[in-house]
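Student: Right, I'll just put the structure down here and ask away after.
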Amino acid sequence: MQISVRAFASYREAIGQKHVVLDIPPGATAAQVWELLQARFPALARLPRPVAFAVNDAYVGGDTVVRERDELVLIPPVSGGEGPAPHLALVEGPIDLAAVLEAVRHPQAGAVVLFLGTVRDNRRGARVDHLEYEAYETLALREMGRVAAEAAARWPVLRVAMVHRLGVLQVGEVSVAIAVSAPHRRDAFEAGRFAIDALKQTVPIWKKEVWEGGEVWVGSEPAG
-12 MQISVRAFAS YREAIGQKHV VLDIPPGATA AQVWELLQAR FPALARLPRP VAFAVNDAYV
48 GGDTVVRERD ELVLIPPVSG GEGPAPHLAL VEGPIDLAAV LEAVRHPQAG AVVLFLGTVR
108 DNRRGARVDH LEYEAYETLA LREMGRVAAE AAARWPVLRV AMVHRLGVLQ VGEVSVAIAV
168 SAPHRRDAFE AGRFAIDALK QTVPIWKKEV WEGGEVWVGS EPAG
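For what it's worth, our numbering labels the leading residue of the sequence shown as -12, then goes sequentially.
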């Protein structure tokens, strides 16, 4: 059966094109497709294994079976595996913004974008007292790494830093900081926006809002 494969950065260069149609045996997994690609394109064998796979724009594990007409996306390591890894952290106290910016410093950077998520003082007209954040830390850091890797695959990013705070936060405090450096501002802005949107959608971090007269874990509100 046939699938399509989309590659970025170093993988794209090793394959020689961004998209390729590949014949695979029924029941082949994403990891097995990577092995088939290495056999067909020997230059891939010199590169590190993908940090993530995606099928039809959704992250999957390497053991996921790829089906006919699926699109498999190979997510390479940040900067093709060269240079320092992205700066990723979950912290209990205030986020060190100077350290976040230092982590994305690069001599080729013409732009650095810093996004800060802060605790606002209201929820649907009720005055917020505080927020509480909780995370499945191992998977959260892993998923943050995938988000950073995909940002670096989609845009010519030089450095990525993502730090999220856990525990109790008061109004006005910074809950998340994301910094991206790139040669040009447009790429930095677009990659930064992608990173915060993806973090909110896929990283297992949960938020409880506590206000005058109530509290709720956002996303788990009682039905009805």
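We put the beta carbon where it would ideally sit given N, CA and C, even for glycine.
Quick caveat: nothing in here was measured; it's all calculated off a predicted structure.
#1: Going by the beta-carbon positions, is the gap between V167 and V147 smaller than 7 Å?
#2: For P37 and L61, which I take to be in contact (beta-carbon distance under 8 Å), what is that distance rounded to the nearest angstrom?
#3: Residues in its own chain within less than 6 Å of G104 by CB, not counting five upstream and five downstream?
#4: Check this for me: beta carbons of H151 and I192, under 7 Å apart or not?
#5: Helix, strand or coil, according to DSSP, for G3 in the structure here?
#6: In chain order, what residues of the same chain have a beta carbon less than 6 Å from the beta carbon of H93, not counting five sequence neighbours either side?
#7: If I'm right that A15 touches V42 with Cβ under 8 Å, what's the distance once you round it to whole angstroms?
#8: Just how far apart, CA to CA, sit L156 and A140?
#9: Would V78 pass as a contact of A127 if the rule is Cβ separation under 7 Å?
#10: For P143 and D44, I'd like the C-alpha separation in whole angstroms.
#11: Can you tell me whether S(-9) is buried or exposed, with buried defined as 16 or more other CB within 10 angstroms of its CB?
#12: Rounded C-beta distance between L59 and F28? I'm assuming under 8 Å.
#13: By a C-beta neighbour count over all protein chains shown, 10 Å radius and 16 as the cutoff for buried, is G200 buried or exposed?
#14: So, at 6 Å on beta carbons, what are the nonlocal neighbours of A178 in its own chain, with the 5 sequence-adjacent residues on each side left out?
#15: Give the single residue among A90, G112, E160, E55 whose Cα lies nearest to the Cα of G80.
#16: Measuring straight from C-alpha to C-alpha, what distance separates V115 and V197?
Tutor: Short version:
#1: Taking the sequence shown and counting its residues from 1, one reaches residue 167 at position 180. Taking the sequence shown and counting its residues from 1, one reaches residue 147 at position 160. Yes, the pair counts as a contact, with Cβ atoms nearer than the cut-off.
#2: In the sequence shown, the residue the question calls residue 37 occupies position 50. In the sequence shown, the residue the question calls residue 61 occupies position 74. So it is a contact: roughly 5 Å between Cβ atoms.
#3: On the sequence shown, residue 104 is found 117 positions in, with the first residue counted as 1. Closer than 6 Å at the Cβ level, and outside the excluded window around G104, lie S162, V163.
#4: Residue mapping note: residue 151 aligns to position 164 of the sequence shown, counting from 1. Residue mapping note: residue 192 aligns to position 205 of the sequence shown, counting from 1. Contact: yes.
#5: On the sequence shown, residue 3 is found 16 positions in, with the first residue counted as 1. It is coil, neither helix nor strand.
#6: Translated into the one-based positions of the sequence shown, residue 93 becomes position 106. Once the five neighbours on either side are set aside, the close Cβ partners of H93 are L145, R146, S168.
#7: Start at 1 with the first residue of the sequence shown, and residue 15 comes out as number 28. Start at 1 with the first residue of the sequence shown, and residue 42 comes out as number 55. So it is not a contact: roughly 12 Å between Cβ atoms.
#8: Along the sequence shown, read from residue 1 onward, the residue named residue 156 stands at position 169. Along the sequence shown, read from residue 1 onward, the residue named residue 140 stands at position 153. The straight-line gap from Cα to Cα measures roughly 33 Å.
#9: If you number the sequence shown from 1, residue 78 lands on position 91. If you number the sequence shown from 1, residue 127 lands on position 140. Taking 7 Å as the Cβ cut-off, V78 and A127 do not qualify as a contacting pair.
#10: Reading the sequence shown from its first residue, position 156 is the one you call residue 143. Reading the sequence shown from its first residue, position 57 is the one you call residue 44. So the two alpha carbons sit approximately 20 Å from each other.
#11: If you number the sequence shown from 1, residue -9 lands on position 4. Answer is exposed; the Cβ neighbour count stays below 16.
#12: What you label residue 59 is simply residue 72 of the sequence shown in a count that begins at 1. What you label residue 28 is simply residue 41 of the sequence shown in a count that begins at 1. Contact doesn't hold; Cβ gap of about 14 Å is too wide.
#13: Looking up residue 200 in the sequence shown gives position 213. It counts as exposed.
#14: Taking the sequence shown and counting its residues from 1, the one referred to as residue 178 is at position 191. Closer than 6 Å at the Cβ level, and outside the excluded window around A178, lie A138, W142, V144, V167.
#15: Taking the sequence shown and counting its residues from 1, the one referred to as residue 80 is at position 93. Cα-wise, what sits closest to G80 is E160.
#16: Locating residue 115 in the sequence shown gives position 128, counting from the first residue. Locating residue 197 in the sequence shown gives position 210, counting from the first residue. In a straight line, the C-alpha of V115 is about 6 Å away from that of V197.
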